[in-house]
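In my numbering, the protein residues as written are 52 to 274. All C-beta atoms in this analysis are idealised placements derived from N, C-alpha and C, irrespective of residue type, glycine included. These numbers come from a predicted model, not from an experiment. Only one structure is covered here, and it is reproduced in the block below.
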Amino acid sequence: MQLVVIEDVLHPQSASLLQAMLHLRSKVFAERLNWQVESLDGQERDEFDDQAPTYILLVEGSHRVVGSVRLHQAARSSMLAQVFPMLLEGGRLRVHPQMIESSRFCIDKDLPQPHHGSGRHRLNVRSAQTSFSSLRTRTLFAGIVEWCLTNGFRELVTATDVRFERILRMAGWPMSRLGPATFINETESVAGSLEISKAVFERLRPEGYSSFVTLATRKRASS
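Structural data, given as structure tokens:
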């Protein structure tokens, strides 16, 4: 597994990875979770993909994207403020220059089809799938925190559901809610703030973790 950061969506080397990422997002959000998102030709994207985000991808092999997250400076664009204000106390997000917002976090939970075997073998396969999914999740968590530290961000905010809130807590990255839990399209959703620090990074980083690789970089606009 390798973490790849894409900071310039127009860079020629980014195209195939971005396409694979959009396919994964469609698979996870439109097909598996049945979210009300726009998926065209098997690719999921929205208006926030047009607002100069940074993407962190988890890549296996040369171009198999097995995890991804989108990061954007809350001072420039914010899903919480613009799309999900109902999740915020008082409907407002208190933005500051060291705040980054994450969205579209997803992990591919599929593994290559295992060989048929005994019931015990199938149980081991299921256990392996859970462990590998957890490794991917923790690796992407650690990559997010490392990128934020490198770029001077100290707080991450996001909109998610209570299931993923539990995953964050179990991983050792508990979320502080920014408002009440609210049902959105039959999903119990929450907004929250996550600490960015070296201590959090060390807690999340799995054994064998390798730092991210920046595939393409652009000059960042000031916030």
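#### Entry: Cβ pair Leu-191, Leu-109 closer than 8 Å
Yes, the Cβ-Cβ distance between Leu-191 and Leu-109 is below 8 Å.
### Chain-order list of residues whose beta-carbon lies under 7 Å from that of Ile-247 (same chain, five-residue window excluded)
Hits under 7 Å: Val-196, Cys-199, Leu-200, Phe-204, Arg-205, Glu-206 and Leu-207.
#### Entry: Best match in His-62, Gly-93 and Arg-189 for proximity to Leu-255 [C-alpha to C-alpha]
It is Arg-189 whose Cα lies nearest to the Cα of Leu-255.
### Message
Quick check on the burial criterion: 16 or more other C-beta atoms within 10 angstroms. Buried or exposed for Gly-194?
### Response
Counting Cβ neighbours within 10 Å, Gly-194 comes out buried, since at least 16 surround it.
#### Entry: Inter-residue Cα distance where the pair is Ser-184 and Arg-228
Rounded to the nearest angstrom, the two C-alpha atoms are 25 Å apart.
### Message
Any contact between the region 137-147 and the region 70-86? By contact I mean 3 or more CB pairs, one from each, below 8 Å.
### Response
No: the two stretches stay apart, fewer than three of their Cβ pairs being nearer than 8 Å.
### Query
How many Å lie between Ala-250 and Glu-98 at the Cα?
Computed Cα separation, rounded: 34 Å.
### Task
Please work out which residues of its chain come closer than 6 Å, Cβ to Cβ, to Arg-177, disregarding the five sequence neighbours upstream and downstream, and give them in chain order.
Confidence at Arg-177 is low in this model, with a pLDDT of 46, below 50, so its placement is unreliable and no value can be given for it.
### Query
Roughly how many angstroms separate the alpha carbons of Leu-174 and Ser-154, rounded to a whole number?
Any reading at Leu-174 must be qualified, since the residue scores a pLDDT of 41, below 50, and its modelled position is unreliable; no value is offered.
### Query
Hey, would you say Ala-210 sits closer than 8 Å to Leu-84, going by beta carbons?
Against a cut-off of 8 Å, the Cβ pair of Leu-84 and Ala-210 comes out as no contact.
### Task
Using three-state DSSP, classify Phe-156 as helix, strand or coil.
Correct three-state label for Phe-156: strand.
### Query
Quick one: what's got a C-beta closer than 6 Å to Met-226's C-beta in the same chain, skipping five residues either side?
Closer than 6 Å at Cβ, skipping near neighbours: Glu-216, Leu-219, Gly-243 and Leu-245.
### Alpha-carbon to alpha-carbon, Pro-148 and Asn-202
Near 11 Å, if we compare the C-alpha coordinates of Pro-148 and Asn-202.
### Query
Helix, strand or coil for Leu-191 per DSSP?
Three-state DSSP puts Leu-191 in a helix.
### Task
Take His-172 and list the residues in its own chain whose beta-carbon comes closer than 7 Å to its own, dropping the five residues that flank it on each side.
Legend: pLDDT at His-172 = 44, less than 50; position of this residue unreliable, value from coordinates given subsequently. Nothing listed; no residue qualifies.
### Message
Within a Cβ cutoff of 8 Å, which residues of the same chain sit near Tyr-260, ignoring the five residues on either side of it in sequence?
### Response
Around Tyr-260: Thr-190 and Ala-193.
### beta strand (DSSP E) segment containing Ala-210, residue limits
That run of the beta strand (DSSP E) goes 206-212.
### Task
In angstroms with no decimal places, state the Cα-to-Cα distance between Met-137 and Asn-236.
Rounded to the nearest angstrom, the two C-alpha atoms are 13 Å apart.
#### Entry: Gln-124, enclosing beta strand (DSSP E) - first and last residue
Residues 115-124.
### Query
Does the beta-carbon of Val-264 have 16 or more other beta-carbons within 10 angstroms, so that it is buried, or is it exposed?
Its Cβ having fewer than 16 others within 10 Å, Val-264 is exposed.
### Message
Distance check for His-62 and Asp-101, CA to CA, integer angstroms please.
### Response
Roughly 15 Å separates the two Cα atoms.
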